[in-house]
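Below you'll find the structure, written out as structure tokens, and then a few comments.
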Amino acid sequence: MRFRAKSAALLLGAAIVGAALWWRKNPSACPYGQRFWVEAPHPLITRDRLREVLAPQPGERVLEIGPGTGYYTLHVADWIGEQGRLDIFDLQQEMLDHTMRRATEAGLSNIHPAQGDARELLYSDAAFDAVYLTTVLGEIPDRDAALREIARVLRPGGRLVVGELFGDPHWVSPGKLAAETAQAGLGGFLRHGPAVGYFARLER
Ligand SMILES: C[S@@+](CC[C@H](N)C(=O)[O-])C[C@H]1O[C@@H](n2cnc3c(N)ncnc32)[C@H](O)[C@@H]1O
Numbered sequence: 001m002r003f004r005a006k007s008a009a010l011l012l013g014a015a016i017v018g019a020a021l022w023w024r025k026n027p028s029a030c031p032y033g034q035r036f037w038v039e040a041p042h043p044l045i046t047r048d049r050l051r052e053v054l055a056p057q058p059g060e061r062v063l064e065i066g067p068g069t070g071y072y073t074l075h076v077a078d079w080i081g082e083q084g085r086l087d088i089f090d091l092q093q094e095m096l097d098h099t100m101r102r103a104t105e106a107g108l109s110n111i112h113p114a115q116g117d118a119r120e121l122l123y124s125d126a127a128f129d130a131v132y133l134t135t136v137l138g139e140i141p142d143r144d145a146a147l148r149e150i151a152r153v154l155r156p157g158g159r160l161v162v163g164e165l166f167g168d169p170h171w172v173s174p175g176k177l178a179a180e181t182a183q184a185g186l187g188g189f190l191r192h193g194p195a196v197g198y199f200a201r202l203e204r
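Numbering (my numbering), first residue to last: 1 to 204.
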């Protein structure tokens with residue numbers, strides 16, 4: 001009996017590792033049906049730390065790519081105030097609807113959703129003071145295209161903050177991120193926090 005339980009546990013472990021490896025090699029969006037992953041607490045890449053690194057100012061125009069169910073969204077919208085504008089852009093309409101429901105409940109009116117693929121942003125050049133995305137980049141099949149689009153929509157001197165958490169099958173290491181962002185024309189890579197859970201800040 002004990003042997004059977006041990007074998008079952010080993011099999012389950014192997015299946016989870018196998019699925020994570022497969023997922024890592026085949027980037028795709030975390031489905032809305034599995035949103036419990038993004039609703040769980042985000043250790044190390046906390047909201048307070050995002051605020052420190054992104055340094056959002058009242059009145060700024062900010063873009064969040066891949067908000068999911070809005071773990072950071074409502075807070076950022078509050079930090080930039082009513083004069084500010086937070087655009088949220090996600091591949092999945094359900095994620096946007098979920099976040100917007102929460103925004104309405106919280107009485108926030110400065111969040112503007114749009115559905116699409118980060119490889120082709122529908123915003124004009126130099127439209128944003130800052131862009132941020134957390135545990136999103138690794139889900140995008142062509143990261144270079146997405147990073148070039150981000151560089152395009154940031155104003156000169158605008159900030160980009162990328163959050164990554166180890167354990168996410170799509171985790172992007174700081175070394176890889178530094179190389180890929182440099183290639184896309186984003187400079188001044190600064191890592192905040194340990195590699196297993198960090199925010200990287202860059203500038204256009
Ligand atoms: C793992 S969730 C992270 C959610 C949120 N940033 C957080 O940390 O709680 C990834 C989000 O990125 C979105 N996403 C994935 N690929 C995308 C793409 N190519 N373009 C836009 N959004 C994408 C997913 O739909 C999902 O909402």
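Glycine included, every Cβ here is placed at the ideal spot set by N, Cα and C. Every value quoted in this text rests on a predicted model; they were computed, and no experiment measured them.
Original post:
What three-state label does DSSP hand Glu39 in the structure shown?
Top reply: If DSSP states are grouped into helix, strand and coil, Glu39 belongs with the helices.
Original post:
Does the beta-carbon distance from Ser124 to Val153 come in below 9 Å?
Top reply: Note that the C-beta distance between Ser124 and Val153 is below 9 Å.
Original post:
Which of helix, strand or coil does DSSP assign to Val136?
Top reply: Reduced to three states, the DSSP call for Val136 is coil.
**OP:** Closer than 6 Å by C-beta to Gly163: which residues in its own chain qualify, once you throw out the five before and the five after it? Chain order, please.
**Re:** For Gly163, where only same-chain residues beyond five positions count, the Cβ hits under 6 Å are Ile45, Thr134 and Phe199.
Subject >> Near ligand 1: Trp37 beta-carbon under 8 Å from a heavy atom >> reply: Proximity of the beta carbon of Trp37 to ligand 1 is indicated: a heavy atom of the ligand is located closer than 8 Å.
**OP:** Please confirm whether any heavy atom of ligand 1 lies closer than 8 Å to the CB of His42.
**Re:** Because some heavy atom of ligand 1 lies under 8 Å away, the Cβ of His42 counts as near it: yes.
Original post:
Mind checking Pro56: buried by the 16 CB within 10 Å criterion, or exposed?
Top reply: With 16 or more other Cβ atoms within 10 Å, it is buried.
Original post:
Is the stretch 36–52 in contact with the stretch 107–115, if contact means three or more CB pairs nearer than 8 Å?
Top reply: Segments in contact, no.
Original post:
CB of Val136 to nearest heavy atom of ligand 1: below 8 Å?
Top reply: Result yes, Cβ under 8 Å from ligand 1.
**OP:** Can you grab the Cα-Cα spacing for the pair Glu120 / Glu64, in whole Å?
**Re:** The C-alpha of Glu120 lies about 14 Å from the C-alpha of Glu64.
Original post:
For Ile45, does the three-state DSSP call read helix, strand or coil?
Top reply: Reduced to three states, the DSSP call for Ile45 is coil.
**OP:** Would you mind stating whether Val62 and Leu54 have Cβ atoms separated by less than 9 Å?
**Re:** Contact: yes.
**OP:** Assign Asp87 to buried or exposed, taking buried as 16 or more other Cβ atoms, counted over all protein chains shown, within 10 Å of its Cβ.
**Re:** Buried: at least 16 other Cβ atoms inside 10 Å.
Subject >> Residue closest to Gly84, alpha-carbon to alpha-carbon, out of Arg143, Gly68 and Asp129 >> reply: Restricting attention to Arg143, Gly68 and Asp129, the CA atom closest to the CA of Gly84 is found in Asp129.
**OP:** With a threshold of 16 other CB atoms inside 10 Å of the CB of Phe89, please say whether the residue is buried or exposed.
**Re:** By the C-beta density criterion, Phe89 is buried, having at least 16 other C-beta atoms within 10 angstroms.
Original post:
Helix, strand or coil: which one does DSSP assign to Pro156?
Top reply: Pro156: strand per DSSP, three-state reduction.
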